[in-house]
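Remarks on the structure that follows.
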Amino acid sequence: MSLALPISPDHLLDAPLPQLLAETGAEVIDSGIPDSGFFGAVVQRKNGDVLLAMPAGRTELEHDTMARYLLAQAFDVDLPKLPAPFVTTEI
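Per the numbering used here, the very first residue in the sequence shown carries number 74; after that it's consecutive.
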């Protein structure tokens with residue numbers, strides 16, 4: 074999934090997360106997935122809404138890092154892949 078909104082890598086990594094969410098129109102929701110290896114998912118609904126499904130109970134650093142990485146995936150921002158054990162799958 075690649076959405077049409079230009080975001081530079083620098084902006085994605087430096088802007089406050091609430092600002093990035095507002096600029097992209099993305100909404101963060103709590104995921105009900107209990108798997109400790111699940112760090113989040115990005116979903117684009119048919120109406121164009123972008124949702125970041127994030128597990129509850131993670132540290133602020135984990136939450137912030139994964140939200141930015143998921144936004145990078147959704148908006149095709151050129152960032153290096155995360156190291157193992159992180160894996161991204163596009164469905």
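Ideal Cβ placement from N, Cα and C applies to all residues, glycine included.
For residue i: DSSP bridge partner residues
i: Pro104; result: Going by the sequence as given, residue 104 is Ser instead of Pro. Answer is Pro128, bridged to Ser104.
i: Ala99; result: Val123
Residue i to residue j span [Cα, whole Å]
i: Gly105; j: Leu152; result: 28 Å
i: His84; j: Asp108; result: 31 Å
i: Ala157; j: Asp137; result: 18 Å
i: Ala126; j: Ala99; result: 10 Å
Where residue i falls: helix, strand or coil (DSSP)
i: Pro91; result: helix
i: Ser75; result: Only weak support exists for where Ser75 lies, its pLDDT of 47 falling under 50; the value from the coordinates is given anyway. If DSSP states are grouped into helix, strand and coil, Ser75 belongs with coil.
Residue from the options with nearest C-alpha to residue i
i: Ala95; options: Thr161, Leu124 and Lys119; result: Leu124
i: Asp87; options: Ala145, Gly130, Thr162 and Pro128; result: Ala145
Item to check | Within the segment 109-161, ranges of the beta strand (DSSP E) (whole runs, at least 3 residues) | outcome: 114-117 and 123-128
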